[in-house]
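Q: Quick one: the structure is below, and I'll ask about it shortly.
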Amino acid sequence: MDDGRKTSGDGGNAVPETPADFIREIILEHNRSGRFGGRVHTRFPPEPNGYLHIGHAKSICLNFGIARDFSGKCNLRFDDTNPSREETEYVDSIINDVRWLGFDWEDRLFYASDYFENLYRFAEQLVMSGKAYVCDLTAEQVKEYRGTLTEPGRNSPWRDRTAEENLDLFRRMRAGEFPDGSRTLRAKIDMASPNLNMRDPVIYRILRASHHRTGDKWCIYPMYDFAHPISDSLEGITHSICTLEFEDHRPLYDWFLEELGIHHSQQIEFARLNLTHTVMSKRKFLELVNDGLVRGWDDPRMPTLAGMRRRGYPPAAIRAFAERVGVAKRDSVVDIALLEHCVREDLNRTAPRAMAVLRPVRLVIENYPPGMTEEFDFVVNPEDPSAGTRRIPFSGVLYIERDDFMESPPPKFFRLSPGREVRLRYAYLVTCTDVVKDPATGEVVEIRCIYDPATRGGDAPDGRRVKATLHWVSALHCVPAEVRLYEHLFSVPFPGSTEGRSWKEDINPSSLEVLSGCMVERHLASSEPGAAWQFERLGYFCADSADSRPGAPVFNRTVTLRDEWAKIARSAPKDGGN
Ligand code: ATP
Ligand code: MG
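Numbering (the working numbering), first residue to last: 1439 to 2016.
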């Protein structure tokens, strides 16, 4: 039977491409029963009160992914019913981020604020059918009358106003006759309901605040619980997917649509994404930004999509991550190492290799002909033969990593030290003969070596082996660069979980290390903003999109080469985060 799900199209024996999860199962069931006539229409409904984070990415991938898998549609809708906290900057960043993640809402970009007039009409409809009333209790009193989880609430003394009186008052609320907070419109449901959300929830409040799209046109604003189901309904959404905290709101969602008798979308809840070593809330991000604890919403340490983009995370890696963690009905925390693993996997396939030296020390080859340079073939990406090779210049004066040399090495140190031979990647075997030190500090400022011309390309004809291969850049053919190294923004897996410590006290003091005077291959100086590289032995890096300039490059380390996830996955038999 055709259940509307795309298949791999092998003609006869169609195999569903879609990995099974409980939401897709529900949709399949609806398609079988014909509940929505086989239609699948989802939406991603961000509130424009901050930048999107990796948790939103999960929701975006889920909603747009379902639309893709079922040949349906997905809308982008700004849930902008709350005037005071929302800004155009956030709207723009969200549009940019969803597009960057690789999704397309075509011509279906909507704003809940576009529905203010419709929402108002639906509210009048409820008033006229005796299902909503104007209440004069103060916010404080509304709370008092609501009761608790163990005690029923009490009816508001204004609950039994006639429909005519309510309509008159509600219209005058809209007309601006009453001060802020003096009255509300409430749904008339059940003050004894075990579900607090059903105890005559407020659906409109009086609030004189400018809205980023409607300006001062309105002085009453609808509450989220009222606006959301109606927005879904107006757009013909079939599956309204949201996070678990809305589970208790579902009866109210259903109540509004039933009472109004309009298209009824199915709300489905799933567990939100949580990650170790980070926080996942726009409110906390705002604090980090406002307190100057990070350099902005797009600080490469932030779990925002803007931060991850600047850090060099490819959108495909984020999509792969969202797929790996899957959707679950129960809350869990995913190890951030899995996200980094997905980034590494993607960049390993796509990032060209290059050489850069982060903490350089000069290495002079005493027996290399003065003034000579030569070039070696350098494999651009061993994972991608189609990337081919390029030429890398070599000369008698090089830079290598300071910590690849030790004057008095401990037993397990196999890199360069006096008298020892190592390989310079792609080039020659060299043997250290001497060091030059700063007479004042005793610091090694230059390493002297001799090379064996018979080892051109890096291998000895007599088959003798060396224990280390070092990366290097030619001093004549490199440029200085700034490199920014990042660690997790929080030094503990669960920020704020220690008794007596605030989450902000768990910020990792060494989450950013800025290195200047790094030496990189000259062609890297003209890296496009955001361009990704693997610096051999050091990790994946990208040219910083804000600060890198032609000739004065700045690189962010996206991720190291060390795969922590591989270790975790080996010790725990189950893959994925849930
Ligand atoms: P925050 O708590 O960070 O402020 P929010 O839930 O208030 O987030 P919204 O803009 O209201 O943010 O969310 C838009 C959509 O993204 C909602 O459908 C919401 O359920 C979903 N979403 C938000 N956070 C997560 C998360 N951590 N994991 C999965 N989905 C999320
Ligand atoms: Mg929200």
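Even for Gly, the Cβ is constructed at its ideal location relative to N, Cα and C.
Here the structure is a predicted model, which means the values were calculated and not measured.
Exposed or buried, which one is F1482 when buried takes at least 16 other CB atoms within 10 Å?
A: Locating residue 1482 in the sequence shown gives position 44, where the first residue counts as 1. Counting Cβ neighbours within 10 Å, F1482 comes out buried, since at least 16 surround it.
Q: Can you give the Cα-Cα distance for R1939 and L1923, rounded to whole angstroms?
A: The residue labelled residue 1939 in the question sits at position 501 within the sequence shown. The residue labelled residue 1923 in the question sits at position 485 within the sequence shown. Taking the straight line joining both Cα atoms gives about 27 Å.
Q: Go ahead and label F1852 buried or exposed: buried means 16 or more other beta carbons lie within 10 angstroms of its beta carbon, across all protein chains shown.
A: Residue mapping note: residue 1852 aligns to position 414 of the sequence shown, counting from 1. Flag for F1852 reads exposed.
Q: Indicate the three-state DSSP secondary structure (helix, strand or coil) for A1570 in the structure shown.
A: Here residue 1570 refers to the residue found at position 132 when the sequence shown is read from its first residue. Strand, per DSSP.
Q: Compute the distance between the beta-carbons of F1993 and A1919, then report whether it is under 8 Å.
A: Numbered from 1 along the sequence shown, position 555 holds the residue referred to as residue 1993. Numbered from 1 along the sequence shown, position 481 holds the residue referred to as residue 1919. It is a contact, given that the beta carbons lie within the stated cut-off.
Q: Compute the minimum distance between the beta carbon of E1813 and the heavy atoms of the ligand ATP, and state whether it is under 7 Å.
A: Walking along the sequence shown from the start, residue 1813 turns up at place 375. No, the ligand ATP has no heavy atom inside 7 Å of this Cβ.
Q: Check whether the region 1634 to 1649 touches the region 1659 to 1669, taking contact to mean three or more Cβ pairs, one atom from each stretch, closer than 8 Å.
A: yes
Q: Just to confirm the assignment, what range does the beta strand (DSSP E) spanning Y1482 have?
A: Here the question's residue 1482 lines up with position 44 in the sequence shown. In the sequence as presented, Tyr is not what sits at residue 1482; that position holds Phe. Looking at the DSSP string, the run of the beta strand (DSSP E) that includes F1482 is H1479 to F1482.
Q: Helix, strand or coil: which one does DSSP assign to T1996?
A: Numbered from its first residue, the sequence shown carries residue 1996 at position 558. Correct three-state label for T1996: strand.
Q: Say the cut is 7 Å; is the CB of P1660 nearer than that to a heavy atom of the ligand ATP?
A: Position 222 of the sequence shown holds residue 1660. Shortest gap from the CB of P1660 to any heavy atom of the ligand ATP: 7 Å or more.
Q: Among L1724, H1677 and V1818, whose alpha-carbon lies nearest the alpha-carbon of E1463?
A: Working through the sequence shown from its first residue, we reach residue 1463 at position 25. Closest by alpha carbon: H1677.
Q: How big is the Cα-Cα spacing for D1542 and K1511?
A: Taking the sequence shown and counting its residues from 1, one reaches residue 1542 at position 104. Taking the sequence shown and counting its residues from 1, one reaches residue 1511 at position 73. Approximately 10 Å between the Cα atoms of the pair.
Q: Taking only heavy atoms of the ligand ATP into account, decide whether any of them is closer than 7 Å to the Cβ of G1493.
A: For this step, residue 1493 is matched to residue 55 along the sequence shown. The answer is yes for G1493.
Q: Are the beta-carbon atoms belonging to Y1571 and R1624 less than 8 Å from one another?
A: For this step, residue 1571 is matched to residue 133 along the sequence shown. For this step, residue 1624 is matched to residue 186 along the sequence shown. Contact flag set, yes.
Q: How big is the Cα-Cα spacing for D1773 and V1818?
A: Counted from its first residue, the sequence shown places residue 1773 at position 335. Counted from its first residue, the sequence shown places residue 1818 at position 380. Distance between the alpha carbons of D1773 and V1818 is about 31 Å.
Q: Report all residues from its chain with a CB closer than 8 Å to the CB of I1504; omit the five preceding and five following residues, and keep chain order.
A: Residue numbering aside, residue 1504 sits at position 66 when the sequence shown is read from its first letter. Excluding sequence neighbours, I1504 sits near I1461, R1462, I1465, V1478, T1480, G1510, C1512, H1677 and I1679.
Q: At the level of alpha carbons, what is the spacing between A2010 and L1976?
A: As a working mapping, residue 2010 is identified with position 572 in the sequence shown. As a working mapping, residue 1976 is identified with position 538 in the sequence shown. Going by the C-alpha atoms only, they are around 27 Å apart.
Q: For P1933 and T1788, I'd like the C-alpha separation in whole angstroms.
A: Within the sequence shown, numbered from 1, the residue matching residue 1933 stands at position 495. Within the sequence shown, numbered from 1, the residue matching residue 1788 stands at position 350. Their backbone Cα atoms lie some 33 Å apart in a straight line.
Q: Given this structure, state the Cα-to-Cα distance separating E1959 from Y1751, to the nearest angstrom.
A: Here residue 1959 is taken as the residue at index 521 of the sequence shown, counted from 1. Here residue 1751 is taken as the residue at index 313 of the sequence shown, counted from 1. If I take the Cα positions, the gap works out to 23 Å.
Q: Once DSSP output is grouped into helix, strand and coil, what is the label at A1709?
A: Here residue 1709 refers to the residue found at position 271 of the sequence shown. The answer is coil: DSSP assigns A1709 none of H, G, I, E or B.
Q: Near G2014, which residues of its chain fall below 7 Å by C-beta distance, leaving aside the five closest residues on each side in sequence?
A: Position 576 of the sequence shown, counting from 1, holds the residue named residue 2014. Bear in mind that the predicted position of G2014 carries a pLDDT of just 45, short of 50, making it too unreliable to give a figure here.
Q: Report yes if the CB atom of D1552 is closer than 8 Å to the CB atom of L1682, and no otherwise.
A: Here the question's residue 1552 lines up with position 114 in the sequence shown. Here the question's residue 1682 lines up with position 244 in the sequence shown. It is not a contact, given that the beta carbons lie outside the stated cut-off.
Q: What three-state label does DSSP hand R1960 in the structure shown?
A: Mapped onto the sequence shown, residue 1960 falls at position 522. R1960 falls in the helix class under three-state DSSP.
Q: Of the choices E1578, N1556, M1746 and G1493, whose alpha-carbon is the least far from that of W1538?
A: The residue given as residue 1538 occupies position 100 in the sequence shown. Answer by Cα proximity: M1746.
Q: For the region 1763 to 1840, list the beta strand (DSSP E) runs that are entirely contained and at least 3 residues long, ordered along the chain.
A: 1798 to 1803, 1811 to 1817, 1827 to 1833 and 1835 to 1839
Q: Per DSSP, what kind of secondary structure is P1918 in: helix, strand or coil?
A: By one-based count along the sequence shown, residue 1918 stands at place 480. Here P1918 sits in strand by DSSP.
Q: Taking DSSP as the reference, what is the three-state secondary structure of K1875?
A: Translated into positions along the sequence shown, residue 1875 becomes position 437. Strand, per DSSP.
Q: According to DSSP, what are the bridge partners of Q1704?
A: Sequence index remark: in the sequence shown, residue 1704 carries index 266 (1-based). Partner(s): H1677.
Q: Please list the terminal residues of the continuous beta strand (DSSP E) segment that includes F1516.
A: By one-based count along the sequence shown, residue 1516 stands at place 78. Per DSSP, F1516 belongs to the beta strand (DSSP E) from K1511 to F1516.
Q: Just to confirm before moving on: does the CB-CB distance between F1832 and I1885 stay below 8 Å?
A: Here residue 1832 refers to the residue found at position 394 of the sequence shown. Here residue 1885 refers to the residue found at position 447 of the sequence shown. Their beta carbons are not under 8 Å apart, which means F1832 does not touch I1885 by this criterion.
Q: Buried or exposed: R2008, going by 16 or more other Cβ atoms within 10 Å of its Cβ?
A: Here residue 2008 refers to the residue found at position 570 of the sequence shown. R2008 should be labelled exposed.
Q: With respect to the alpha helix (DSSP H) encompassing G1745, which residues constitute its N-terminal and C-terminal limits?
A: Taking the first residue of the sequence shown as 1, we reach residue 1745 at position 307. Residues L1743 to R1749.
Q: So does E1485 have its beta carbon nearer than 7 Å to some heavy atom of the ligand ATP?
A: Here the question's residue 1485 lines up with position 47 in the sequence shown. True, at least one ligand heavy atom lies under 7 Å from that Cβ.
Q: Whole angstroms is fine: what's the gap from P1891's alpha carbon to R1858's?
A: For the purposes of this step, residue 1891 is taken as residue 453 along the sequence shown, with counting starting at 1. For the purposes of this step, residue 1858 is taken as residue 420 along the sequence shown, with counting starting at 1. Between P1891 and R1858, the C-alpha separation is close to 17 Å.
Q: Which ranges would you report for the beta strand (DSSP E) in the region 1555 to 1635 if only whole runs of at least 3 residues count?
A: 1570 to 1573 and 1622 to 1625
Q: Once DSSP output is grouped into helix, strand and coil, what is the label at R1637?
A: By one-based count along the sequence shown, residue 1637 stands at place 199. Coil.
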